[in-house]
């Protein structure tokens, strides 16, 4: 009997994997109906959910896949937002043209900042990245180069125009964010199946063994930071377009903590888990609007319970996949 059960186990696992691959696209397609079925407030929430899902997925590259404690990830989110805002407002660039610049600058900053610190481990790396976040917010508040708008930030960022169509409504922005989220999900799936993604996991689970096999752990860790920072920069541009404004208050240390917690609560290296964690943080509180101000308290309690009852997260990654 045990023999038959063991033989059936791989088939069951394969079947559940195929089911997940069908459920994901189906849920994304259902999401396209949000502007048709729900109120404008929910359309805005859906757009913000897509943006923060991208940022959380980018955080998961560093934390969930490469196994590094980055508690300053909001920096790269902010770099993308401020880059697009400055190029649009001061240099009159079309906002869509700013996206590649925002991605490249955020990725470059991620590589530059991480290069000297990736050799640090655990809480040491965590403390350094907290410092990066504090410096970034302080610089933006002090109107760096006279272009960041100080504590008030920058306002009046116009929406994108594509093929003559102006994305001026929340429905338009929702569809744009939803499509970009689909692209990022596709990229994450390819990363998981690529040699780069497998190397990240090797380093996370046993860096010494990976090094003895010829893997340059430092270079791959820097690559993880750069890749995650670039995706966060992309989300930053979407965020600037969504709100038509950017300010230092959106990229504080507490925002980095939230991104860190989303990955831990949802499940490290698990795309469904990260999306579920993002929904818990940004969508569920809107259902209970009278308790929305307590979302950090509720999320903190949820994090404690998950760490005790399910330390791998609510929806952990499949075991045995290297």
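Numbering (the UniProt record's numbering), first residue to last: 1 to 322. Beta carbons are placed, not taken as given, at the ideal position from N, Cα and C, and that holds for glycine. Keep in mind the model is a prediction, meaning the values are calculated, not measured.
Please say whether residue 95 and residue 241 have beta carbons closer to each other than 7 Å?
Yes, they are a contact pair.
If you check the beta carbons only, do residue 235 and residue 65 fall under 7 Å apart?
The answer is no: Cβ separation not under 7 Å.
Helix, strand or coil: how does DSSP classify residue 68 here?
It is coil, neither helix nor strand.
Count the other CB atoms within 10 Å of the CB of residue 27; is the residue buried (16 or more) or exposed (fewer)?
Burial call: exposed.
Would DSSP call residue 269 helix, strand or coil?
Coil, per DSSP.
Apart from the five residues on each side of it in sequence, which residues of its chain come closer than 7 Å, Cβ to Cβ, to residue 303?
261, 264, 265, listed in sequence order.
Rounded to whole angstroms, what's the CA-CA distance from residue 315 to residue 128? Just pull it up for me.
When rounded, the distance between both Cα atoms is 29 Å.
In the DSSP assignment, find the unbroken alpha helix (DSSP H) run with residue 134 in it and report its ends.
122–141 is the extent of the alpha helix (DSSP H) around residue 134.
Which value, in whole angstroms, describes the spacing of the CA atoms of residue 140 and residue 134?
Using only the alpha carbons, I get a separation of about 10 Å.
Can you give, in chain order, each stretch of the alpha helix (DSSP H) that sits fully within the region 235–269 and has at least 4 residues?
Correct list: 253–266.
From 144, 138, 23, pick the residue whose C-alpha is nearest to that of residue 253; which is it?
Here the closest residue by C-alpha is 138.
If you compare alpha carbons, which of 178, 56, 121 is closest to residue 203?
Nearest C-alpha to residue 203: 121.
My understanding is that residue 29 touches residue 181, with C-beta atoms under 8 Å, so please give their C-beta distance in whole angstroms.
With a Cβ gap of about 13 Å, residue 29 and residue 181 do not count as contacting.
Please state whether DSSP places residue 30 in a helix, a strand or coil.
If DSSP states are grouped into helix, strand and coil, residue 30 belongs with the helices.
What is the rounded straight-line gap between the Cα of residue 23 and the Cα of residue 118?
Near 37 Å, if we compare the C-alpha coordinates of residue 118 and residue 23.
When you compare each of 225, 184, 210 to residue 275 by their alpha carbons, which one comes out closest?
Nearest option by C-alpha distance: 184.
Leaving out five residues before and five after residue 153 in sequence, what residues of the same chain have Cβ atoms less than 7 Å from its Cβ?
Same-chain partners within the cutoff: 245, 246, 247, 248.
Using 7 Å as the threshold, is the C-beta distance between residue 373 and residue 130 below it?
Residue 373 falls outside the range modelled here, since the chain spans only 1 to 322, and no answer is possible.
Can you tell which of 205, 307, 232, 206 has the C-alpha that lies nearest to the C-alpha of residue 50?
That would be 232, whose Cα lies nearest to the Cα of residue 50.
Figure out for me which residue from 93, 239, 226 has the closest Cα to the Cα of residue 161.
Ranking 93, 239, 226 by Cα distance to residue 161 puts 93 first.
What three-state label does DSSP hand residue 165 in the structure shown?
Residue state, collapsed to three classes: strand.
Between the C-alpha atoms of residue 61 and residue 222, what's the straight-line distance to the nearest angstrom?
Each residue's alpha carbon lies about 11 Å from the other.
Can you tell me whether residue 175 is buried or exposed? The criterion is at least 16 other CB atoms within 10 Å of its CB, across all chains shown.
Looking at its Cβ environment, which holds 16 or more other Cβ atoms inside 10 Å, residue 175 is buried.
Should the region 163–173 be regarded as contacting the region 34–48, the criterion being three or more beta carbon pairs within less than 8 Å?
Contact between the region 163–173 and the region 34–48 is present, because at least three Cβ pairs lie under 8 Å.
Tell me which same chain residues have a C-beta within less than 7 Å of the C-beta of residue 178, skipping the five on either side of it?
31, 32, 50, listed in sequence order.
Identify whether residue 154 lies in helix, strand or coil by the three-state DSSP scheme.
Strand at residue 154.
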